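Its first residue numbered 1477, the sequence shown is counted upward by one per residue in my numbering.
The next block holds one structure in the form of structure tokens; read it before the comments.
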Amino acid sequence: MDELASRLDTTRLRRDVALAPYTTFRIGGPADLFYDATAADDLANAVLAARATGVPYFILGLGANILIGDRGVRGLVIHNVADRHRFSEDGLLWTESGAVLGRLIPQAVALGWSGLEHYVGIPTTVGGAIWQNLHFLSPAPERERTMFIEEIFASAELLTTDGSRCIADRSMMQFGYDTSLLHHHRHTVLSVTFQLARGDIAAMHKIMQENLSWRGGKHPWLEYHPSAGSIFQKIEGVGAGRLIEQAGLKGFRIGDAQISHIHANIMVNLGHATAYDVRTLIATAQDAVEKQSGYRLQPEIGFIGEF
Ligand SMILES: Cc1cc2nc3c(=O)[nH]c(=O)nc-3n(C[C@H](O)[C@H](O)[C@H](O)COP(=O)(O)OP(=O)(O)OC[C@H]3O[C@@H](n4cnc5c(N)ncnc54)[C@H](O)[C@@H]3O)c2cc1C
């Protein structure tokens, strides 16, 4: 650990940092080491330093798709806050991977660039969005289809597992539903270039209002009910939430972890939920649904650290 520390800017390196505040679930024990990476080069350097010194590492975005164990994370958590970005005349948006989509969207819309506005209200960094090919089922009848971030993806700069840097185009990224190349290889996304299109600003605002109001009515509000979004993977044509509801588990609670009254595929933290509570609730839902319907639900979120 000391050798690793000597390779990083120690003013941004902390020990024993509670991770719960860095996740949307507000759950999780401490990281041995926690480093704020403030630029793409800094992110690359932190990953290379961890690899060179044999220290396990985890790259943390907004922590919106993970459950961190109660005993925390051994090794180094690299908190990606690298967020420089620039829009160019031809609609290209280059951005470091720690940029938060919710901050890029209003800038893109104000400049009349369309493509990002569909994802309004989803907590994510650009890196996290690429990791799982962020998607959203548009509620408006004229756009009723699932939109994926890959549709506006032009390229990304990756730090590959062999330590080299490369530019990956869309075909290299192996995008699919909830997946990308990053699920199979531990590459790091340093920066991303999106291709946006000219759009009508008023029309983009309308889309954002529709999407936000749909979300507000169907999902528990993160400010009051911390969660990690959908807990289980989609089951085509059936719906994981519907199966949980049919098993009579809406509102069911273990400790402070509860299956939301509003959306049964979302578990919420009522205040002091532990990772243990959530894991037990997940297992309970899996068993109950399997018994009732024969489907075995598979978690969609990542389980990080020691439980
Ligand atoms: C209220 C709520 C609503 C949601 N709604 C949606 C929705 O509509 N659609 C949807 O698709 N998702 C949704 N999600 C899930 C979540 O927003 C996405 O999965 C998001 O992309 C996670 O991004 P993050 O920055 O928080 O990643 P994190 O949760 O911090 O990390 C997720 C994974 O990505 C990896 N990762 C992050 N950055 C990098 C990088 N730079 N290089 C390599 N790997 C990286 C991490 O190591 C980790 O394995 C929702 C979540 C919540 C809490």
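For each residue, glycine too, the CB sits at the ideal point set by N, CA and C.
What you are looking at is a predicted structure, and each value in this text was computed from that prediction instead of being measured.
What I want to know is whether the C-beta of residue i ends up closer than 8 Å to one or more non-hydrogen atoms of ligand 1.
| i | result |
| --- | --- |
| T1500 | yes |
| L1688 | no |
| I1542 | yes |
| T1600 | yes |
| Q1722 | no |
| Q1774 | no |
| T1664 | yes |
| N1745 | no |
Among the options, which has the Cα closest to the Cα of residue i?
| i | options | result |
| --- | --- | --- |
| G1504 | P1615, F1651, R1547 | R1547 |
| L1552 | I1535, G1567, A1540, E1565 | I1535 |
| H1737 | S1689, G1731, K1694, I1711 | K1694 |
| I1711 | E1766, V1549, I1683 | E1766 |
| F1708 | Y1752, D1654, R1729, S1667 | D1654 |
| R1560 | D1517, G1591, N1521, G1747 | D1517 |
| L1592 | A1673, A1751, P1506 | A1673 |
| H1701 | Q1608, D1732, E1782, L1688 | D1732 |
| L1666 | G1675, G1639, L1635, L1657 | L1635 |
| Y1533 | G1539, A1525, R1502 | A1525 |
| P1506 | L1538, A1540, Q1722, L1495 | L1495 |
| I1677 | T1750, D1638, A1764, V1585 | V1585 |
| P1497 | S1564, G1747, Q1768 | G1747 |
| R1579 | V1596, T1499, S1564, S1689 | V1596 |
Please report the Cβ distance between residue i and residue j, rounded to the nearest whole angstrom; I am assuming they are in contact, meaning their Cβ atoms lie under 8 Å.
| i | j | result |
| --- | --- | --- |
| M1743 | L1757 | 6 Å |
| G1574 | G1603 | 7 Å |
Specify, as a first and last residue, the run of the beta strand (DSSP E) that residue i falls within.
| i | result |
| --- | --- |
| H1561 | 1561–1563 |
| H1701 | It is not in any beta strand (DSSP E) - H1701 carries neither H nor E in the DSSP assignment. |
Starting from residue i and walking both ways along the alpha helix (DSSP H), at which residues does that stretch end?
| i | result |
| --- | --- |
| L1580 | 1577–1586 |
Give me the Cα-Cα distance between residue i and residue j, rounded to the nearest whole angstrom.
| i | j | result |
| --- | --- | --- |
| P1775 | T1486 | 37 Å |
| H1739 | G1692 | 11 Å |
| I1780 | H1681 | 37 Å |
| M1648 | D1753 | 39 Å |
| L1484 | T1529 | 12 Å |
| L1577 | W1697 | 18 Å |
| P1617 | R1490 | 49 Å |
| H1555 | G1705 | 20 Å |
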